[in-house]
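Colleague:
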Amino acid sequence: SGKEGDKHKLKNSKLKELINNELTHFPGVIEAVNKVMEALDSDGDAECNFREFVAFVVMVTAACHEFFEHE
18 SGKEGDKHKL KNSKLKELIN NELTHFPGVI EAVNKVMEAL DSDGDAECNF REFVAFVVMV
78 TAACHEFFEH E
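Numbered per this note's numbering, the sequence shown spans residues 18 to 88.
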């Protein structure tokens, strides 16, 4: 994200692209990611700052953990 805009933030569209590429084996992940990102975008700038990113990673990790517990 440093190539365009604030080098300390990640555009939500880039984060969605990353998740879509890396977590394709989880059904419905994009819809869930959209909801989580909307909830975590505390400043409403459609970018993910470090705190928002850390919260996002924690939520995704917890969701994946629950998924694997039930398998």
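Every residue gets a Cβ at the ideal spot worked out from N, C-alpha and C, and that includes glycine.
Given the structure is predicted, the values throughout are model-derived calculations rather than measurements.
May I ask which residues mark the beginning and end of the alpha helix (DSSP H) holding S30?
Modeller: Unbroken alpha helix (DSSP H) run through S30: 29-39.
Colleague: Is the segment 66-82 in contact with the segment 49-57, if contact means three or more CB pairs nearer than 8 Å?
Modeller: With the cut-off at 8 Å, the segment 66-82 and the segment 49-57 touch.
Colleague: Should E34 go down as buried or exposed, given a rule of 16 or more other Cβ atoms within 10 Å for buried?
Modeller: It counts as exposed.
Colleague: Alpha carbon to alpha carbon, how far is L32 from N66?
Modeller: Distance between the alpha carbons of L32 and N66: 11 Å.
Colleague: Would you call the CB atoms of S59 and E69 closer than 8 Å?
Modeller: Cβ atoms of S59 and E69: closer than 8 Å.
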